[in-house]
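So the structure is just underneath, and the comments pick up after that.
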Amino acid sequence: MHELSIAHSLVELAMEAAENSGIKQVKALYLKLGALSGVVKEALEFSFDVVVQGTPLEGAKLIIEDVPVKVFCPDCQEARILPEPFPMRCPVCGTKTGQVLAGREMELYALEGGEENARDGVESSNCRNSSECSEEK
Ligand SMILES: [Zn+2]
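According to full-length UniProt numbering, the sequence shown is numbered sequentially starting from 1.
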């Protein structure tokens with residue numbers, strides 16, 4: 001399963017990036033995943049959860065943003081976003097095109113740190129008395 005090795009390199013990449021930007025604890029990883037990347041999103045999410053165990057990133061979430069396929073239509077002379085990766089033709093005029101502009105990428109584009117967790121003693125309840133609180137469900 002090649003998603004497993006992708007997840008591995010993703011974790012390594014994220015640890016390096018976190019170190020470089022001074023993030024002590026990573027809460028979430030944001031990944032762009034193209035429809036033509038050849039990576040199965042669900043498999044990658046699963047692999048990530050496995051691979052991340054026992055690393056400094058344990059507990060971090062992988063948030064995947066799907067990137068649709070974008071092609072250049074030679075007829076319209078315009079970039080078009082395809083609603084489905086296949087067939088690869090312009091959704092406006094129907095011309096076949098092989099000029100893929102986007103959709104092949106797999107890019108870790110952001111990390112979310114968990115610094116705010118260090119703050120405690122945050123008021124979380126405004127209830128005046130406890131019976132009022134417990135009645136709400
Ligand atoms: Zn077109």
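All C-beta atoms in this analysis are idealised placements derived from N, C-alpha and C, irrespective of residue type, glycine included. On a predicted model such as this, the values are computed, not experimentally measured, just so you know.
DSSP bridge partner residues for residue i (one or two, in chain order)
| i | result |
| --- | --- |
| G34 | V67 |
| C73 | E78 |
| L29 | L62 and L111 |
| K96 | R89 |
Residue i: first and last residue of the uninterrupted beta strand (DSSP E) it sits in
| i | result |
| --- | --- |
| M106 | M106 to G113 |
| E78 | E78 to I81 |
Residue j beta carbon less than 7 Å from that of residue i
| i | j | result |
| --- | --- | --- |
| L13 | L108 | yes |
| A35 | P85 | yes |
| L62 | L29 | yes |
| I6 | K41 | no |
| G103 | V67 | yes |
| I81 | K70 | yes |
| T55 | V11 | yes |
| G114 | Q53 | no |
Limits of the unbroken alpha helix (DSSP H) element including residue i
| i | result |
| --- | --- |
| L4 | H2 to N20 |
| A60 | Neither: A60 is in no alpha helix (DSSP H) and is coded neither H nor E. |
| V51 | K41 to V51 |
Beta-carbon separation (whole angstroms), residue i vs residue j, contact threshold 8 Å
| i | j | result |
| --- | --- | --- |
| E105 | K27 | With a Cβ gap of about 23 Å, E105 and K27 do not count as contacting. |
| V50 | C76 | Their Cβ separation, rounded to whole angstroms, is 44 Å, which puts V50 and C76 out of contact at 8 Å. |
Query - Contact shell at 6 Å, judged by CB to any heavy atom of ligand 1, ordered along the chain - result: Any residue whose Cβ sits closer than 6 Å to a heavy atom of ligand 1 makes the list: C73, D75, C76, C90, V92, C93 and T95.
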